[in-house]
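Chains as they are written, first to last, in this note's numbering: chain R, 216 to 653; chain C, 216 to 653; chain H, 216 to 653; chain V, 216 to 653. Think of the CB as a built atom: it goes at the ideal place given N, C-alpha and C, for glycine as much as any other residue. Small disclaimer: the values here were computed from a predicted structure and weren't measured. Structure first, commentary second.
There are 4 protein chains.
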Amino acid sequence: MIPRYARPEMTAIFSPEEKLRLWLEIELSAAEAMAELGQVPADAVGALRAATTERMAEIIDPAAVEQIEAVTRHDVIAFLTHLENLCGADTRFLHLGLTSSDLLDTTLAVQLSRAADLLIAGLDRLLAALKARALEHRATPTIGRSHAIHAEPTSFGVKLAGHFAEFARCRARLVAGRAEIATCAISGAVGSFANVDPAVEARVAAKLGLAVEPVSTQVIPRDRHAAFTASLAITASAIERLAVEIRHLQRSEVREAEEFFHKGQKGSSAMPHKRNPVLSENLTGLARIVRGAVIPALENVALWHERDISHSAVERTLLPDACIVLDFALHRAAGMVEKLVVYPERMQRNLDASLGLWNAQRILLALIDTGMPRQKAYELVQRNAMRAWEAEQPFLAQLQADPDVTARIEPAALEELFDLGYHLKHVDTILDRVFGTA
Amino acid sequence: MIPRYARPEMTAIFSPEEKLRLWLEIELSAAEAMAELGQVPADAVGALRAATTERMAEIIDPAAVEQIEAVTRHDVIAFLTHLENLCGADTRFLHLGLTSSDLLDTTLAVQLSRAADLLIAGLDRLLAALKARALEHRATPTIGRSHAIHAEPTSFGVKLAGHFAEFARCRARLVAGRAEIATCAISGAVGSFANVDPAVEARVAAKLGLAVEPVSTQVIPRDRHAAFTASLAITASAIERLAVEIRHLQRSEVREAEEFFHKGQKGSSAMPHKRNPVLSENLTGLARIVRGAVIPALENVALWHERDISHSAVERTLLPDACIVLDFALHRAAGMVEKLVVYPERMQRNLDASLGLWNAQRILLALIDTGMPRQKAYELVQRNAMRAWEAEQPFLAQLQADPDVTARIEPAALEELFDLGYHLKHVDTILDRVFGTA
Amino acid sequence: MIPRYARPEMTAIFSPEEKLRLWLEIELSAAEAMAELGQVPADAVGALRAATTERMAEIIDPAAVEQIEAVTRHDVIAFLTHLENLCGADTRFLHLGLTSSDLLDTTLAVQLSRAADLLIAGLDRLLAALKARALEHRATPTIGRSHAIHAEPTSFGVKLAGHFAEFARCRARLVAGRAEIATCAISGAVGSFANVDPAVEARVAAKLGLAVEPVSTQVIPRDRHAAFTASLAITASAIERLAVEIRHLQRSEVREAEEFFHKGQKGSSAMPHKRNPVLSENLTGLARIVRGAVIPALENVALWHERDISHSAVERTLLPDACIVLDFALHRAAGMVEKLVVYPERMQRNLDASLGLWNAQRILLALIDTGMPRQKAYELVQRNAMRAWEAEQPFLAQLQADPDVTARIEPAALEELFDLGYHLKHVDTILDRVFGTA
Amino acid sequence: MIPRYARPEMTAIFSPEEKLRLWLEIELSAAEAMAELGQVPADAVGALRAATTERMAEIIDPAAVEQIEAVTRHDVIAFLTHLENLCGADTRFLHLGLTSSDLLDTTLAVQLSRAADLLIAGLDRLLAALKARALEHRATPTIGRSHAIHAEPTSFGVKLAGHFAEFARCRARLVAGRAEIATCAISGAVGSFANVDPAVEARVAAKLGLAVEPVSTQVIPRDRHAAFTASLAITASAIERLAVEIRHLQRSEVREAEEFFHKGQKGSSAMPHKRNPVLSENLTGLARIVRGAVIPALENVALWHERDISHSAVERTLLPDACIVLDFALHRAAGMVEKLVVYPERMQRNLDASLGLWNAQRILLALIDTGMPRQKAYELVQRNAMRAWEAEQPFLAQLQADPDVTARIEPAALEELFDLGYHLKHVDTILDRVFGTA
């Protein structure tokens with residue numbers, strides 16, 4: 216992934232160096248477990264731990280391992296050869312009864328667990344930002360829109376609370392996704408434990424904070440990684456919904472909110488007057504990238520027999536990239552929300568621009584309440600609404616001038632029905648549901 | 216969805232008739248809740264319940280509603296008009312303060328909940344079949360394969376247990392997915408409860424066995440449906456993995472298992488000798504169909520503002536189709552497993568065909584155990600393995616003839632290392648993990 | 216596919232009856248070719264043609280064929296049995312040396328060719344509508360927007376011309392896609408022509424208006440169908456771009472264009488005042504459906520060996536559905552454009568609302584022309600633009616009051632630079648490029 | 216993209232340095248065109264060309280540009296500022312009337328054109344390899360398989376010819392895809408040519424070997440890039456089909472072909488005897504990566520109004536990555552085919568293993584030829600085929616022992632029908648179709 220869309224904390228997890236460090240740790244942990252079980256000499260394993268600690272800098276050398284891989288065409292064997300070259304005879308107690316996938320898959324489990332932790336932290340930042348801004352704007356009235364057409368009023372806080380609730384669900388999915396991929400397999404070439412005791416697996420798992428994979432083939436089953444990737448993609452799509460909202464609010468004709476515009480920032484090489492919602496547009500694009508990893512991850516599930524290696528290329532590229540891009544996107548989204556410039560007065564102006572039509576349903580219900588059948592009342596209200604819209608005059612005046620309406624509701628009573636507070640009376644109920652006692 | 220890939224139980228859930236029945240039930244439930252809360256006259260609502268029960272057959276008439284929709288171009292209004300036409304003045308107590316989406320989304324929640332229940336039942340049938348066949352074949356030896364190349368032995372029961380464990384995870388995901396979409400929203404045009412009391416929503420939700428949606432826009436948020444769809448797609452991919460396994464096992468050169476071939480069945484219009492794994496091939500294709508619904512479901516998340524209606528077309532087609540196809544696939548897969556013809560003698564023959572090479576790792580470890588460094592031992596074993604393979608002669612004999620080997624391990628000791636039981640000694644451990652005390 | 220999104224012309228192509236009709240025609244054509252080549256008795260084949268013509272109604276009976284298929288579990292054999300039952304001994308001259316896929320794939324080729332013809336006709340209707348409206352509005356000024364922020368003026372005709380050009384490219388792709396799938400294979404069980412002469416294939420191909428498939432496996436290779444499906448998906452995405460444009464133009468705050476609102480139409484069950492862009496929203500959703508067929512079509516390419524049957528389920532469902540939905544979408548889009556209500560006065564009003572900021576680049580260039588370095592000129596213009604925007608006062612006045620500007624450009628000269636005609640001077644050039652001499 | 220799956224030739228095209236070089240070249244070309252048209256002073260532009268040539272090393276410094284971008288948050292403005300800093304006052308004649316997208320999109324057009332050229336060269340290498348091996352094995356008999364079950368014989372050359380034909384189609388699609396994206400836009404902020412003459416665009420296009428984009432918005436329309444990406448994905452899927460074929464042929468039980476195994480290569484860290492088809496498995500995985508770019512590319516089409524910037528993130532990552540990975544995959548596939556180890560004797564052995572059942576259709580046709588109705592003949596052949604299969608005895612002997620068969624065809628005549636040459640008689644016809652006079 217290009218650095219443009221990456222935070223170093225996340226990139227580090229998937230670095231070649233970190234991979235070698237984890238390979239070494241798992242090999243040593245397995246050997247230590249075997250020593251504890253009396254299967255290999257404890258002193259040799261102890262010496263190996265000491266030797267590798269001492270020569271760590273030489274061991275964690277991806278270029279050196281790659282050079283050997285150019286001959287073996289097998290990465291794990293290259294690493295073991297490298298270790299043997301550096302640390303000598305005792306290395307024969309490493310990898311006993313293991314298969315490469317024990318190493319690779321358990322390493323991936325640790326990496327993805329850590330990635331999930333970073334993603335959850337990113338979500339928490341975004342959730343905190345949304346909550347703070349939602350509470351700040353709990354009473355800021357704004358027009359709700361369906362089909363991008365003015366519907367009825369709501370508060371800007373309720374809008375943000377809706378996004379908060381969605382990201383809270385994403386968090387729960389990510390926690391579940393993390394549990395899916397946090398398993399350890401040290402079970403040998405076809406998962407039969409022919410040459411390695413199940414007790415070794417249990418000890419390594421415990422040491423790494425992973426669960427034991429109940430039944431492996433040669434590999435940890437890939438439905439787990441597909442489920443994890445799906446949880447990333449849904450989160451990315453939730454970010455897209457938030458981003459699309461901001462893009463709409465910032466458009467020239469709406470201008471109810473605006474991304475923070477930095478000193479020195481330039482919007483366009485041609486047009487100096489532009490202030491563009493580039494963060495949220497970028498988030499929309501990043502969502503497409505993360506979403507693009509879902510199908511490959513699903514295609515990875517149906518490996519042949521006890522495994523083939525077709526999944527590997529996807530997991531070396533799209534899976535880390537999806538983590539890296541989502542991590543970046545979460546922080547970009549959080550920053551965008553934290554610094555979002557909100558224009559309550561524009562919200563009010565836009566509300567006013569729809570001529571009070573957002574009271575149409577209330578009038579409809581009031582007419583029904585007088586005993587009028589729903590469809591007849593509907594036509595009456597629609598007729599007046601359309602006329603108000605076309606003539607660009609206030610809906611209330613239109614209604615007050617229609618004898619079919621005033622025959623049932625007095626002009627003064629009509630005016631009382633045009634009340635913004637009526638629409639916001641349950642805002643606290645909603646925020647309470649979302650945030651607890653807010 | 217074409218009937219070819221559909222079971223009537225699932226199709227019925229998404230029928231136009233069932234949709235109208237659910238619309239009616241939700242409208243009546245909302246009115247009854249309002250009556251209980253003293254917001255509308257209880258006797259009128261009671262009369263309406265009676266009237267609709269009586270005229271149910273006329274009400275549930277999709278063609279009649281469609282005729283009205285041709286004018287209104289709005290399906291819910293068409294239905295309400297239809298009801299008003301049939302049941303008269305009291306229908307004005309229906310839909311008070313509701314918006315169409317309250318009806319549509321809560322209906323979809325009920326439909327998808329029921330669909331999930333059918334899918335879980337289908338999974339349970341498949342799980343039962345896999346468990347039975349796994350226990351039946353717990354001790355049936357078969358060669359494990361990585362890269363489709365013979366690796367080391369395992370048991371056919373362990374293979375099936377791996378699929379069982381994967382489908383058990385799919386079941387958990389489906390249960391979680393069901394919870395995601397089982398929410399009720401009766402919150403009005405922009406989710407503000409302006410014209411309908413939150414208490415109505417709570418009562419309708421309880422009646423329908425749904426949770427309350429904490430914060431709606433005009434609609435129930437679509438991240439829920441995306442998560443549900445993802446759980447379908449992962450299950451479909453797990454079916455694909457099982458199907459691909461059977462397709463491999465049935466191929467002419469392997470023939471370790473075969474789909475049940477019915478009396479009268481014909482494999483090919485040209486070649487009367489063919490017995491093809493058509494069920495598992497079909498399951499592979501069905502997996503592609505279900506998987507194809509994931510991206511559209513994810514694209515549905517980012518609706519504009521309080522909603523647009525772009526999601527609707529996908530939810531009228533791909534979402535029901537994904538449920539219907541997956542339901543069919545689960546039962547097809549279950550039937551395939553239940554009746555699968557297994558050939559243990561062919562499994563043994565294939566095991567034998569690899570000349571005992573599946574003992575290579577054990578020999579490697581035995582050589583290391585004599586103090587030989589791993590990479591040197593590896594080369595020694597690889598050399599003998601390649602020669603055995605090329606000369607098509609037994610690996611044991613090859614090793615016994617190599618003085619570099621016999622200098623460290625006596626020929627007789629080598630023979631003892633060629634023991635199938637060694638590879639299967641942990642089968643019970645694995646099955647215990649998967650099935651509990653098996 | 217549900218009738219809601221289908222036109223009968225397209226649905227008919229994929230009906231079970233049409234499939235049987237095509238099967239029969241291909242079988243008869245092959246037999247006639249063999250008769251011409253002297254390989255089977257011409258009179259028997261002639262009699263068979265007569266007999267099948269006479270009993271056509273009985274032959275084209277999907278339910279009867281399905282009943283036989285319930286035993287044979289093979290659709291083509293069921294059909295041949297059905298024919299034999301109805302037309303007797305001469306039917307033994309049918310299907311000689313053919314394999315089922317010869318029938319199925321050539322049938323699909325005919326169906327998809329016809330579907331492509333309908334799609335091209337749909338595109339032509341849409342192209343005609345776009346051209347007419349583009350020429351109608353060639354001189355209608357409107358603000359161009361990047362990032363949904365006002366940029367510089369263009370004409371509404373140019374906007375529509377851009378969509379026209381895009382759909383013209385889609386047409387070319389569809390023509391190419393049609394050529395991809397319009398091939399005939401009558402080559403036997405593995406494409407070897409073991410039991411059928413290549414000359415038969417050539418004659419059947421010519422009769423059906425298809426090209427000969429140069430080399431088949433058992434099937435026509437599926438990269439062809441993937442390419443065809445991709446051409447559908449790109450067209451659907453082009454429709455989405457048009458639809459998104461209309462949705463933006465209709466939003467309450469923009470209102471520059473509106474979908475035609477029918478007499479009697481209702482926008483919302485709750486809000487009688489609503490006029491929603493439901494056609495274009497629906498088109499957005501339909502695009503997702505068509506796009507969803509691409510990955511399954513691509514996954515269908517890698518069939519095993521000379522073929523497996525995994526592709527079939529996708530081609531019975533998603534492929535026809537993609538054709539049907541796209542066909543419907545093209546006509547819906549065409550109708551939407553034909554009847555689109557355009558509001559030039561609103562366009563002018565929106566143009567005016569950006570305070571003349573769309574002249575910013577011209578001012579920038581004028582300042583550079585006085586010898587000012589670009590970045591310095593940029594800052595000078597940006598400063599004035601931001602102030603105009605924040606103070607909501609005309610950009611021209613702002614510039615005229617800035618001595619740093621007027622030191623280089625006189626206030627009167629500044630005013631001359633504010634000229635809408637300047638921005639539209641190349642409209643005819645562009646329309647000429649797109650439509651030829653316009 | 217990680218270097219593991221990249222060739223430097225392709226990576227270089229998308230390097231930050233190359234991007235800056237292209238930006239500079241386009242800016243200078245535009246200025247030179249303006250000079251030729253008399254719109255800017257020719258000597259200043261000539262001086263600028265000289266100055267930039269001289270200071271090229273300093274100009275092409277992505278880190279320096281990024282540092283400025285940290286303030287401007289706009290990459291093109293940062294580059295122009297950087298140029299101004301280095302080359303002084305004359306730089307004010309650059310970017311006159313251009314918008315950033317003129318630069319970015321035309322640059323992308325050049326990059327993708329070059330990438331397409333590399334991809335076509337890679338395809339040509341693969342095509343050459345396939346043709347050579349197809350001609351080499353034109354007469355090598357092998358069993359054709361449908362459903363992975365033995366069907367009828369074909370030649371290995373015909374199999375490879377099928378892949379050749381598929382890749383030849385991919386080549387044509389890629390050539391078409393290249394034409395799609397090879398357009399130049401120098402049309403200003405909304406494509407109106409307000410501040411730049413169309414003649415400038417025409418000259419820059421000619422210089423860069425691009426076509427003129429007939430009508431741009433702010434950007435070159437993205438249906439072009441989607442079509443290009445689709446052509447990549449189809450090619451990737453064709454590679455997958457080839458890869459899956461090799462994986463099948465190399466499996467232990469089939470072993471008809473094998474990837475070249477290098478000296479020193481190791482198949483498994485645990486099992487020294489393994490020789491795995493790792494290239495073709497990797498190609499399968501790489502296909503998933505390329506395919507994963509299609510949906511994001513399609514989602515990029517529907518940009519808002521005259522453009523938004525959501526497409527950018529996808530085009531900075533997935534689009535180059537798809538080119539890079541496909542390029543790598545083409546060469547990996549070519550190398551695999553070039554060095555593929557083919558085992559004709561194993562092919563013969565597998566042919567023999569199916570007991571002559573591949574003559575079943577010929578027997579069927581011979582029985583029909585005696586006047587027996589097809590379905591009756593089918594049952595007779597199927598009965599004998601099934602018995603032969605179950606008893607594992609030759610099909611010919613089985614038939615010769617069946618009086619229902621011999622009543623119509625003499626045992627000696629039966630034997631004559633078992634002739635391998637019969638199946639291969641049209642091999643030359645097929646190869647001629649694919650390769651021309653072969």
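- [ ] Label R:Gly-312 either buried or exposed according to how many other C-beta atoms from any shown protein chain fall within 10 Å of its C-beta, with 16 as the threshold for buried.
- [x] Here residue 312 of chain R refers to the residue found at position 97 of the first sequence. The residue in question, R:Gly-312, is buried, as its Cβ has 16 or more Cβ neighbours within 10 Å.
Open item on the list: For V:His-526, report the span of its beta strand (DSSP E) as first-last.
Closed with: In the fourth sequence, counting from the first residue as 1, residue 526 of chain V sits at position 311. Careful: V:His-526 lies outside any beta strand (DSSP E), inside the alpha helix (DSSP H) at 526-531.
Open item on the list: Using beta carbons (cut-off 8 Å, strictly below), is H:Val-469 in contact with chain R?
Closed with: Locating residue 469 of chain H in the third sequence gives position 254, counting from the first residue. Output row for H:Val-469: interface = yes.
TODO: Pull up the CB-CB distance for C:Phe-382 and C:Leu-345, whole angstroms please, since I reckon it's below 8 Å.
DONE: If you number the second sequence from 1, residue 382 of chain C lands on position 167. If you number the second sequence from 1, residue 345 of chain C lands on position 130. 7 Å between Cβ atoms; contact.
Open item on the list: For a cutoff of 8 Å on Cβ pairs, would you count C:Pro-492 as touching chain R?
Closed with: Walking along the second sequence from the start, residue 492 of chain C turns up at place 277. Any Cβ of chain R closer than 8 Å to the Cβ of C:Pro-492 would place that residue at the interface, and such an atom is absent.
Open item on the list: Short of 7 Å Cβ to Cβ, which residues in the region 525-553 of chain H face chain C?
Closed with: Ser-525, His-526, Ser-527, Ala-528, Val-529, Arg-531, Thr-532 and Leu-533
Open item on the list: Can you look up C:Glu-473 in the DSSP assignment and give me helix, strand or coil?
Closed with: Position 258 of the second sequence, counting from 1, holds the residue named residue 473 of chain C. DSSP places C:Glu-473 in strand when its eight states are reduced to three.
Open item on the list: Using the three-state DSSP reduction, which class does V:Ala-404 fall into: helix, strand or coil?
Closed with: Numbered from 1 along the fourth sequence, position 189 holds the residue referred to as residue 404 of chain V. Three-state result, V:Ala-404: coil.
- [ ] Could you work out which residue in C:Pro-535, C:Gln-480 and C:Ala-453 is closest to C:Arg-384 when comparing CA atoms only?
- [x] Reading the second sequence from its first residue, position 169 is the one you call residue 384 of chain C. Comparing Cα positions, the closest option is C:Ala-453.
TODO: Kindly indicate which three-state DSSP category H:Gly-359 falls into: helix, strand or coil?
DONE: Along the third sequence, one-based indexing puts residue 359 of chain H at 144. In this structure, H:Gly-359 counts as strand in the three-state DSSP scheme.
Open item on the list: Would V:Ala-397 and V:Ser-446 be called neighbours here (beta carbons separated by less than 8 Å)?
Closed with: Taking the fourth sequence and counting its residues from 1, the one referred to as residue 397 of chain V is at position 182. Taking the fourth sequence and counting its residues from 1, the one referred to as residue 446 of chain V is at position 231. No, the pair does not count as a contact, with Cβ atoms beyond the cut-off.
Task: Where R:Ile-241 meets chain C, residues with beta-carbon distance less than 7 Å - done: Taking the first sequence and counting its residues from 1, one reaches residue 241 of chain R at position 26. Within chain C, no residue comes near R:Ile-241; the closest Cβ sits about 16 Å away, beyond 7 Å.
- [ ] Decide if the region 463-473 of chain V is in contact with the region 429-436 of chain V; the criterion is three or more beta carbon pairs, one per stretch, under 8 Å apart.
- [x] no
Task: H:Cys-399 at chain V interface by Cβ criterion, 8 Å - done: Counting from one through the third sequence, the residue named residue 399 of chain H turns up at place 184. For H:Cys-399, the answer is no, since every Cβ of chain V falls outside 8 Å of its Cβ.
Open item on the list: Which residue marks the beginning of the alpha helix (DSSP H) containing R:Ala-186, and which one marks its end?
Closed with: As shown, chain R starts at 216 and ends at 653. That puts residue 186 of chain R outside it, with no answer to give.
- [ ] Give a yes or no on whether 8 Å exceeds the smallest Cβ distance from C:Asn-497 to chain H.
- [x] In the second sequence, the residue the question calls residue 497 of chain C occupies position 282. Cβ-Cβ to chain H under 8 Å: yes for C:Asn-497.
Task: 9 Å Cβ cut-off: residues of chain V touching R:Thr-314 - done: By 1-based counting over the first sequence, the position of residue 314 of chain R is 99. Residues of chain V passing the Cβ test: Ser-483, Ser-484, Ala-485 and Met-486.
Open item on the list: Within 10 Å of its beta-carbon, does C:Pro-535 have 16 or more other beta-carbons around it, so buried, or fewer, so exposed?
Closed with: Residue numbering aside, residue 535 of chain C sits at position 320 when the second sequence is read from its first letter. Its Cβ being crowded by 16 or more others within 10 Å, C:Pro-535 is buried.
Task: Coil, strand or helix - R:His-289 by DSSP - done: The residue you call residue 289 of chain R lines up with position 74 of the first sequence. Three-state result, R:His-289: coil.
Open item on the list: Check whether the region 483-499 of chain H and the region 359-376 of chain R are in contact - that is, three or more C-beta pairs closer than 8 Å.
Closed with: yes
Open item on the list: Please return the same chain residues whose Cβ sits closer than 7 Å to the Cβ of C:Glu-224, not counting the five positions on each side in sequence.
Closed with: In the second sequence, counting from the first residue as 1, residue 224 of chain C sits at position 9. Around C:Glu-224: Leu-333.
TODO: Give every residue of the same chain whose Cβ lies closer than 8 Å to the Cβ of V:Leu-629, excluding the five residues on either side of it in the sequence, and list them in chain order.
DONE: Indexing the fourth sequence from 1 puts residue 629 of chain V at position 414. Cβ within range, chain order: Ile-578, Leu-611, Leu-614, Gln-615, Val-620 and Thr-621.
Open item on the list: Give me the chain R residues within the contact set of C:Ser-569, using Cβ-Cβ distance strictly less than 9 Å, ordered along the chain.
Closed with: Indexing the second sequence from 1 puts residue 569 of chain C at position 354. Going along chain R, no residue has its Cβ under 9 Å from C:Ser-569, so there is no contact; the nearest lies around 13 Å.
Open item on the list: At the level of alpha carbons, what is the spacing between H:Met-551 and H:Gly-377?
Closed with: In the third sequence, the residue the question calls residue 551 of chain H occupies position 336. In the third sequence, the residue the question calls residue 377 of chain H occupies position 162. Taking the straight line from one Cα to the other gives about 17 Å.
Open item on the list: Relative to the C-alpha of H:Phe-229, which candidate in H:Leu-309, H:Ile-461, H:Leu-533 and H:Ala-380 has its C-alpha closest?
Closed with: Along the third sequence, one-based indexing puts residue 229 of chain H at 14. Minimum Cα distance to H:Phe-229 is reached at H:Leu-533.
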